[in-house]
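One structure below.
Protein chains: 2
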Amino acid sequence: MVKRFRFGAPIETEAVLEKGAQQDKQQLSLVQTADGLEYEMPDDMIVYGLGENTRGINKRGWIYVSNCTDNPHHNEGTRSLYGAHNFLLLSGEGQQLGLFIDTPAKVTFDIGYSRYNLLRITAGQDYDLYVIEGSTPAQVVQEFRQLIGRSYIPPKWAFGYGQSRWSYLSSDEVREVVRGHREKGLPLDSVYLDIDYMERYKDFTVDREQFADFEQLVSEMKQEHIHLVPIIDAGVKVEEGYDVYEEGEKEGYFCKDEEGNDFIVGVWPGRCCFPDMLNDKARAWFGNKYKVLLDKGIDGFWNDMNEPAVFYSEKRLKKVFEKLQDYQGQNLDVNTFFEFQALAAGVSNNEEDYRSFYHNYRGEKIRHDKVHNLFGYYMTRSASEAFERLEPEKRILMYSRSSYIGMHRYAGIWQGDNLSWWSHLLMNLKMMPSLNMCGFLYTGADIGGFGGDATEDLVIRWLSFGVFTPLLRNHAARGTRQQEAYRFPRTNLFQNVLTARYCMLPYLYSEFMKAALRSTMMFSPLGFVYPSDQTARQVEDQLFVGENIMIAPVYEQNASGRTVYFPETMKLLRFHDGGVLEGSVYEKGWAYVEMPLGDVCVFIRDGYLLPLAKGGSHVAEVDFEDLRLYTCGSDVKSYEYYMDDGETKDYSLDKYIRILKAE
Amino acid sequence: MVKRFRFGAPIETEAVLEKGAQQDKQQLSLVQTADGLEYEMPDDMIVYGLGENTRGINKRGWIYVSNCTDNPHHNEGTRSLYGAHNFLLLSGEGQQLGLFIDTPAKVTFDIGYSRYNLLRITAGQDYDLYVIEGSTPAQVVQEFRQLIGRSYIPPKWAFGYGQSRWSYLSSDEVREVVRGHREKGLPLDSVYLDIDYMERYKDFTVDREQFADFEQLVSEMKQEHIHLVPIIDAGVKVEEGYDVYEEGEKEGYFCKDEEGNDFIVGVWPGRCCFPDMLNDKARAWFGNKYKVLLDKGIDGFWNDMNEPAVFYSEKRLKKVFEKLQDYQGQNLDVNTFFEFQALAAGVSNNEEDYRSFYHNYRGEKIRHDKVHNLFGYYMTRSASEAFERLEPEKRILMYSRSSYIGMHRYAGIWQGDNLSWWSHLLMNLKMMPSLNMCGFLYTGADIGGFGGDATEDLVIRWLSFGVFTPLLRNHAARGTRQQEAYRFPRTNLFQNVLTARYCMLPYLYSEFMKAALRSTMMFSPLGFVYPSDQTARQVEDQLFVGENIMIAPVYEQNASGRTVYFPETMKLLRFHDGGVLEGSVYEKGWAYVEMPLGDVCVFIRDGYLLPLAKGGSHVAEVDFEDLRLYTCGSDVKSYEYYMDDGETKDYSLDKYIRILKAE
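Quick note, the sequences are listed as chains A and B, same order. Numbered per this note's numbering, the first sequence spans residues 36 to 698. Numbered per this note's numbering, the second sequence spans residues 36 to 698.
See the structure below:
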């Protein structure tokens, strides 16, 4: 049951498909405060949700802020990441309460940080609150997901393995990466083009020095079943003679400063303008620009820097340079020196800058900070709506760094710029169910970590988890250690792990599609499956993938196994050395399970089956019909296997589900 | 068996007591390279050691750098912390090899980062290598510890609970903190004075505005059994009329630049000079300055910023201000903008600055970077040697932020400026045995975390581990959430945890003293106790404290228990609600153990006992004679109980050990 309560006059976000009638606040189960809501949480209540954010699956014990932020150094102390996903699920004994705070401005969630039993939401004066009551966590999520509409569905090839780096600097380097994989028998479906494929970081251009044969490269790669996926940035370079800039400037499509001049920010190319993604006309115009690349054979994109990230604003930078002078010649002590350093560091993503430019949204001039969390969403929508016009029958891969609920209908997300940390592998795991609750199904993290230096074992362990995530991409930043699978000595381990992915594709794709079409979770915390098992509810490092299997990845260096909680009987299946081994059957309870580096372990639930294909070197080579069914127990439920062509948009549970039965 | 190999002409560190004869390199079991050593590690070899550093107890799979560094934001990607502890213990099947690289300059340890089986040590041309072979890890450590000499022993009161913050700003605020504890029945033995007790951050001065009655405060606190522990910084403020500066300047006791002028760096007070701690005369002079505070009744100190941390050098700051101009008015793109930000950020702790000043060490002019890792060691030694002269009979509390092996004879260390992160609680645990191997017994971390905001549960969980560490101090930085125990609502949980500490003091002090006097480990990884148990060897989050008990702290938010590996039968003892409960007996293997927030859990080994006192509100109130003996099993070994007066230096195993026997 969904109830909507309105506070003030919220700005439209189009997060929700049908708002439904407004309810009387008498019915509100939370306490209204001057600028938000409060709720007293019982001791044993778990708080799920918030999509892309740090810390636990259970969000209790921290302050989170929904305020899309570019923070590549995020850690336990971080409050905001790249997305803003204002959905909470309060899960207590006999009570499941979903809350969605719908506003495009900043929202703060103090979930037992100030006081353990107090939930305090600060959302300002204007927001819609949706309250969803249900009998189970899964049911509340399903109602919420139906409210916000069907999640984005990518082409099937986008479930293959992708390799990325900031940046492969030439056509030949791209070819080299593909060769590296093919020669060592490492499956691969896509290679990513980071910012250097462009001419001086200008959107919708190609650097004709390093990528002279771009069109040739695209078609050559297609023949090798490799999709090239270029990046698109939010900022448009200010440059005379650059058509995108000139058109945008002429048509008034850029965000304006208070005086109505184009607002100038520094991003990748230096001085840029932001297309006003909230303006319908500007959005249609920007979206059509993707055609430049579609016409070259490109069928996948990632939208970056669309929080939007601001290295600096022209005005602030000027002020900072002036202020820096004041410190010169002074005796800088602990106070003034830290001020000096903060001044330079504070140039980027400064809140004041976000209060200094304006959108034309639905005919109204609106200051950016009031709609901040919509920017990446509407940028990505701009592309997605254009694809709908330009390629109505074809699925195009599209995912974004920034997002808000509602964007899940238009694209996936990657989990932003992360680090080569073991704790970020664990964070990747914890984010999966949280994102699923908020509608984001096509998602994954930068495997091996974006910033920092990865070790071989970190990449292997991370991949051994990543092979379960719909988006499976290895990505690393400039200046860090190269982490392509073929560069490390233990190729056979990488081969085994990636092969596991391609063997599991039938199940993973089927589970993804059912989750999208039925508004269910693909990745579930154990508490969703066993809501009355108090131990299961506490487990933060195991997940269900679909209904049939549980995973318990190793995320500690030098560990050759780990303890696993079995909420019921399960059988271990181990991808090992290119083959599949059936392992022990574990009874309900805790057990230590050996999981050597390079093995991929899944646990099949008692009475369930797991269909596996034979694998392949790319998705098109996988035979989705030639399946072997692995089972646990004797009385095995049949499996609803969803399989469509993976290319067109003719999704249908009725047409494409068939029943698989174990012998 | 210790063998010494000499390479080049190393600079003396005085880490080792007696060097022993030089060995022929024919006998070397490592491969000598152009600038260091290599060793091929078998798959199952564990590499222990490196004292204060990040990541695992097993150091395999990362690059570590011994280069004392002030890094309050350290994380998994960090390579250097505040100390430099060049001892490794390679522990394989049937082989235990200790390595100590003795050089005061930077050393790099690539322990399977570049290639999993390769250990590569880069130490330059000049170093002594000590190789210690033994039959067990514990035996190798003991030989090494005998080589480097007896560890520092603090007064017994320093095993009490200490409360700190940057900073308590006045005498009255100090009184308030003590009252806060006493009124709520929270034991306390010391309150720390961070930099603001000084007059404008000048060492050995007192701010007479906020601490007008300093001497009165000290004596008043003593009567309440509270010791005040002031901070001392490495930099001496450049200020005419300030006696310490004027004397140092006149006598030539400060570090010089290339031209022989005093080298000017920016630290807390702004422009400072570094006393040349390596110069015998300067060191004696600086040490004598502590008398100013000893005379006021102070009997404990912490030495800070002695890596030495450098906010800036005067020369660099000037250059940076000039360079910053170049960026003004430019179009700053992704390359130039990051350069601009790095310029400001790179002012601090810049390697070039460390190559720009000089010491007078044993009569020779030596560039700082060649002896960098000795600075904190020799600063602390300066104090300790002065205490020996000024107060020969009395134990004075002294610990340092920076250190090198050898300094362990003069003082303890705290584990540097950390963060209010759950992962830093775990890191605290992992560092304990690593530091013990290197001689540092009196150590602990900033409980609750220095930087960042702590939650109540983090402070409780961290204290629940911290009560086992010799140094037990809650400390937090300016601008962060106040985290004194009495400020949180669940006082009873804090009370219970701190009471556990005071009940365990007889055992903890006794184990500490035996570890110091016998050169053994107080905190052991499970692999030290059960070297042939392959599971025990992998456990990274449990420790032995002394010989008799094992601990397995909870370090995850919202967890009410955890899985524990029992390498043999053990009995749970639980401090709960002010009392002691005897819990289940666990057999060898894995088990999940409930450990609710606020309980302190210890596991008594089969056949061993744990003596507990009744507690007290400060150390002097604890009755070390009125003990209750808790046991596990029926055939219980007697216990060697060490107890001396805790004040004088008349340490003696013979005199002060007596045997406790269970009924």
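Beta carbons: idealized from backbone N, C-alpha and C, even for Gly. Owing to the predicted nature of the structure, the values given are computational and were not obtained by experimental measurement.
Rounded to whole angstroms, what is the Cα-Cα separation between residue 698/B and residue 528/B?
Computed Cα separation, rounded: 32 Å.
With DSSP as the reference, label residue 505/A as helix, strand or coil.
Looking at residue 505/A - three-state DSSP - the assignment turns out to be coil, as it is neither helix nor strand.
Between which two residues does the alpha helix (DSSP H) harbouring residue 315/A extend?
Counting along the chain, the alpha helix (DSSP H) containing residue 315/A begins and ends at 315–323.
The stretch 333–340 of chain A in contact with the stretch 257–270 of chain A per 3-pair CB rule at 8 Å
With three or more CB-CB distances shorter than 8 Å, the stretch 333–340 of chain A counts as touching the stretch 257–270 of chain A.
Local conformation of residue 496/B per DSSP, three classes
In this structure, residue 496/B counts as helix in the three-state DSSP scheme.
Compute the Euclidean distance between the alpha carbons of residue 365/B and residue 346/A, then round it to the nearest angstrom.
Between residue 365/B and residue 346/A, the C-alpha separation is close to 14 Å.
Would residue 620/B and residue 598/B qualify as a contact pair, given that the criterion is a beta-carbon distance under 9 Å?
Contact flag unset, no.
Listing by chain order, which chain A residues have their CB less than 9 Å from the CB of residue 93/B?
Those within 9 Å of residue 93/B in chain A are 592, 593.
Could you spell out where the beta strand (DSSP E) holding residue 131/B opens and where it closes?
Residues 130–137.
How many angstroms separate the CA atom of residue 146/A from the CA atom of residue 612/B?
Going by the C-alpha atoms only, they are around 26 Å apart.
Going by C-alpha to C-alpha distance, which of 565/B, 658/B, 635/B sits closest to residue 623/B?
When C-alpha distances from residue 623/B are compared across 565/B, 658/B, 635/B, the shortest belongs to 565/B.
Other residues of its chain near residue 371/A: CB distance less than 8 Å, five sequence neighbours each side excluded
Excluding positions up to five away in sequence, the list reads 362, 365.
Can you give the Cα-Cα distance for residue 458/A and residue 89/B, rounded to whole angstroms?
Annotation: residue 458/A to residue 89/B spans about 13 Å, alpha carbon to alpha carbon.
Under 8 Å Cβ-Cβ, which residues of chain B neighbour residue 457/A?
111, listed in chain order.
I want to verify the contact list: residues of chain A whose CB lies under 8 Å from the CB of residue 492/B, in sequence order.
Per Cβ cutoff of 8 Å: 96, 151.
Same chain only: Cβ atoms within 7 Å of residue 215/B, ignoring 5 sequence neighbours per side
Within the same chain, residue 215/B has close Cβ partners 519, 521.
Using C-beta distances below 8 Å, list every residue in its chain close to residue 301/A, excluding the 5 sequence neighbours before and after it, in chain order.
Hits under 8 Å: 307, 345, 346, 347, 348, 349, 352.
Members of the stretch 282–310 of chain A that neighbour chain B once the beta carbon cut-off is set at 9 Å
Against chain B - using a Cβ distance shorter than 9 Å - the residues of the stretch 282–310 of chain A are 301, 302, 303, 304, 305, 306.
Within a Cβ cutoff of 8 Å, which residues of the same chain sit near residue 405/A, ignoring the five residues on either side of it in sequence?
Excluding the 5 residues flanking it on each side, residue 405/A has same chain C-beta neighbours closer than 8 Å at 46, 139, 140, in chain order.
In whole angstroms, what is the alpha-carbon distance linking residue 411/B and residue 286/B?
Cα to Cα, the separation comes out at about 21 Å.
Closest by C-alpha distance to residue 272/B, when choosing among 369/A, 439/A, 332/A, 497/A
Measuring from the Cα of residue 272/B, the nearest candidate turns out to be 369/A.
Going along chain B in order, which residues have a C-beta closer than 8 Å to the C-beta of residue 236/A?
What residue 236/A touches in chain B: 368, 369.
Closer than 9 Å to chain A by CB, residue 575/B
Yes, residue 575/B lies at the interface with chain A (some Cβ there is under 9 Å from its Cβ).
Going along the chain, which residues of the stretch 136–164 of chain A sit with their C-beta nearer than 7 Å to a C-beta in chain B?
Listed in sequence order: 148, 150, 151.
Whole-angstrom distance between residue 42/A and residue 386/B, CA atom to CA atom
C-alpha separation (whole angstroms): 56 Å.
Inter-residue CB distance, residue 509/A and residue 483/A (contact presumed, cutoff 8 Å):
The C-beta distance from residue 509/A to residue 483/A rounds to 5 Å, short enough to fall under 8 Å.
Quick one: grab the DSSP three-state call for residue 664/B.
Collapsing the DSSP output to three states places residue 664/B in a strand.
Are residue 506/B and residue 86/B closer than 9 Å when you measure CB to CB?
The Cβ atoms of residue 506/B and residue 86/B lie no closer than 9 Å to each other.
Please classify residue 68/B as buried or exposed, where buried requires at least 16 neighbouring CB atoms within 10 angstroms.
An exposed status is given to residue 68/B, since fewer than 16 other beta-carbon atoms sit within 10 Å of its beta-carbon.
Applying the 10 Å Cβ sphere with the 16-neighbour rule, what's the burial state of residue 631/B?
An exposed status is given to residue 631/B, since fewer than 16 other beta-carbon atoms sit within 10 Å of its beta-carbon.
Looking only at its chain, what residues have a beta carbon closer than 6 Å to the beta carbon of residue 496/A, apart from the 5 residues adjacent to it on each side?
589.
Going along the chain, which residues of its own chain have a beta-carbon closer than 7 Å to the beta-carbon of residue 107/A, five neighbours each way excluded?
So the list reads 452, 485, 486, once near-sequence residues are dropped.
Spell out whether any CB of chain A is found under 9 Å from the CB atom of residue 58/B.
With 9 Å as the cut-off, residue 58/B does not count as an interface residue toward chain A.
Going by DSSP, which residues form a beta bridge with residue 167/A?
Answer is 37/A, 133/A.
How many angstroms separate the CA atom of residue 181/B from the CA atom of residue 554/B?
In this structure, the straight-line span from the alpha carbon of residue 181/B to that of residue 554/B is close to 6 Å.
Using a Cβ-Cβ distance under 9 Å, would residue 500/A count as near chain B?
Not one beta carbon of chain B lies nearer than 9 Å to the beta carbon of residue 500/A.
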